[in-house]
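Numbering (my numbering), first residue to last: 1 to 487.
A short worksheet on the structure shown next.
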C-alpha cells in the first residue's frame, strides 16, 4: 500500500515543484494574443475554458494506453512503477508540455510545420510521415480495442451486440461525425464529462485495491525485487523472462512518455485563451495519466493470487482487455465491472476520433488545404475507409507498429523541444537528456524487434546503450560550443 502512495506523491510533487521550473524555461507570456484569438473561425479555433481544456486534453491522450500498457508492463515487476513515475515527471510531462508550448507559439500548427520552422524541410517531411503513420495506427487501435471490449461484455452475449464487426462500424460512424464536425459540436460539449468519468472510475479501482487487495506489493516486496540478482543488471530479464531494456519502455508509453500526445497538442493549442493555461492543461493532464497508469499497473499485479504467472496466463488467453474485465468484476462487482468496462471502451473511442481529427489537421496544415466541408469530406472518407480494412489485421501486429512509431515520434519531439530551448538560450537539459535516453531506447528496440533488424538481444541492446553514451557526449560538446559562441 505504501508503494501506491509513494508513486502518487512523486507525481503530485513533480507537478508542484518541477513543472514551474520547466515553465520558466519556455518563455510563456500571458499578455500575448493566442492563436484562438487571432484565427477564430468556428471549426478548430474555438475558445474553451481551461478546466474543459484540461479534461479534453486528458481524455484525448488517455484512451486505453495508460490501462493496457501498464497491465502489460506489470509483468516486469516493480521497476514498471519506477518507469511510470520518473518517465512521466522527467520525460513524458516535459514532452507533452513543450508540444503544447511550441504549438501555441506557432499559431496552433501541427508537428511537421513546427519541425520545418525549427529545423528544415527534410525534417518536416520525416515528421509528417511519422506523425501521419502514428495517428493512423492510433485510430485503428482505438477502433479495434473498444470494439473487442464491447462485443465481449457478458451482458451482450447471445445477442447481435456480441458481433465485433457491428461495433467496428458503429465506432467508425461516430469517428466520421467527430472528425468532420466543428470542435464545439461534440468534443467540447461531451469530452469533459467523459474525462470526469475516467477520473471517477480510476478512483473507484484505486479505492477497491486499497481496501481489499491482498496481493498488492508491499515496500518489502519492492526492495526485495531490487536486491535480487537479476535487478542489478539493467539488461537482465524481468520475472517472466522479458528483457527490461528496451521492452519495458516501449510497452509502457502512455503514462510514461508517448509521442501520440504531441499529435493531440494542436487541438487545444487552437482553443486556449491564454498561454498561462499551457502548464495545467498539458503538464497537468500527463500527471493525471501517470496516476491512471500507476493504478492499473498495481491492479495488474494485485489481482492475481499466482502473481506474475497468473497475469501472464490471462494475457495469453485474452490480452489486456480480458485482464481489465477480470479486475473490474473482481473489485467492483458485476454492476461496477460493467460500468468500468464501458468506461474503458469509451476512453479509446474519444482518443481515436481525435487521432483522426489530428490526422486531418496535419494534412490540412502540410498542404494548405482550405477548411471547407467538401475538403473535410474528401479527407475523412478515404482515411476511415482504409482504417476499416486495417481492423481485419492481427491486433498484435498493429500494436507493435503503433508502439514503435509512438516511441520514435516522442523522441523526435524531445529533440525538437531541445532545439526550441537552445534557440531561447535556456536550460535545455530538461528536454535533451530525456531525448538522448529515448533515442537509445528507440535504437535498441528497432535493432532487436521482429519488425526491425531482428538482431540478437545481446548485440542489439548494447547498441542502444552506446547510442545513449555517445549522444550524451555529443550533447555536452554542442552545449559547450554553443555557450562559447554566445559568450
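C-beta: ideal position from N, C-alpha, C; glycine also.
What you are looking at is a predicted structure, and each value in this text was computed from that prediction instead of being measured.
Beta-carbon spacing of residue 471, residue 439 below 8 angstroms: Result yes, Cβ atoms of residue 471 and residue 439 sit closer than 8 angstroms.
Beta-carbon gap between residue 391 and residue 168 smaller than 8 angstroms: Yes. Within cutoff.
Residue 209 to residue 7 span [Cα, whole Å]: Straight through space, the alpha carbons of residue 7 and residue 209 are spaced by roughly 15 angstroms.
C-alpha gap between residue 260 and residue 351, whole angstroms: Taking the straight line from one Cα to the other gives about 10 angstroms.
Whole-angstrom distance between residue 428 and residue 339, CA atom to CA atom: Taking the straight line from one Cα to the other gives about 44 angstroms.
Residue 254 - DSSP class collapsed to helix/strand/coil: Here residue 254 sits in coil by DSSP.
Uninterrupted alpha helix (DSSP H) stretches inside the region 329-396 (no shorter than 4 residues): Here the runs fully enclosed are 373-390.
Rounded C-alpha distance that separates residue 67 from residue 323: When rounded, the distance between both Cα atoms is 10 angstroms.
Unbroken stretches of the alpha helix (DSSP H), 4 residues or longer, contained in the region 404-455: Look at the region 404-455 and you find these whole runs of alpha helix (DSSP H), each 4 residues long or longer: 429-448.
Own chain partners of residue 326 with C-beta closer than 8 angstroms, once the 5 adjacent residues on each side are dropped: Within its own chain, the residues whose Cβ lies closer than 8 angstroms to the Cβ of residue 326, once the five positions on either side in sequence are excluded, are 303, 314, listed in chain order.
Reference residue 244, options 9, 77, 430, 421, closest by Cα: The residue from 9, 77, 430, 421 with its alpha-carbon nearest to that of residue 244 is 77.
DSSP-derived helix/strand/coil call for residue 186: For residue 186, the three-state secondary structure derived from DSSP is coil.
Residue 275 versus residue 411 - alpha carbon distance: Distance between the alpha carbons of residue 275 and residue 411 is about 25 angstroms.
Whole-Å CB distance - residue 354 paired with residue 267, under 8 angstroms assumed: Contact between residue 354 and residue 267 holds: their C-beta atoms lie close to 6 angstroms from each other, under 8 angstroms.
Buried or exposed by the 16-neighbour rule on C-beta atoms within 10 Å, applied to residue 101: Under this definition residue 101 is a buried residue.
Helix, strand or coil at residue 110 according to DSSP, with G and I counted as helix: Coil.
Proximity winner among 441, 467, 417, relative to residue 103 (alpha-carbon distances): It is 417.
Backbone secondary structure at residue 480 - three-state DSSP: Three-state DSSP puts residue 480 in a helix.
Opening and closing residue of the alpha helix (DSSP H) in which residue 97 lies: DSSP places residue 97 inside the alpha helix (DSSP H), whose first and last residues are 93-105.
Contact the region 464-484 vs the region 114-133: 3+ CB pairs below 8 angstroms: With a cut-off of 8 angstroms, the region 114-133 and the region 464-484 do not count as touching, because too few Cβ pairs lie within range.
Extent of the continuous alpha helix (DSSP H) run through residue 573: No statement about residue 573 is possible, as the shown extent of the chain runs from 1 to 487 and does not include it.
Reduced DSSP secondary structure (H/G/I, E/B, other) of residue 232: Caution is warranted here: a pLDDT of 43 is assigned to residue 232, below 50, making its placement in the model unreliable, and no coordinate value can be reported.
Given 8 angstroms, three or more beta-carbon pairs between the region 17-27 and the region 159-168: Contact check between the region 17-27 and the region 159-168: fewer than three CB pairs, one atom from each, fall below 8 angstroms, which does not count as touching.
Residue 328 beta carbon less than 8 angstroms from that of residue 337: Yes, these two residues count as a Cβ contact at 8 angstroms.
Residue 311, DSSP secondary structure in three states: Helix.
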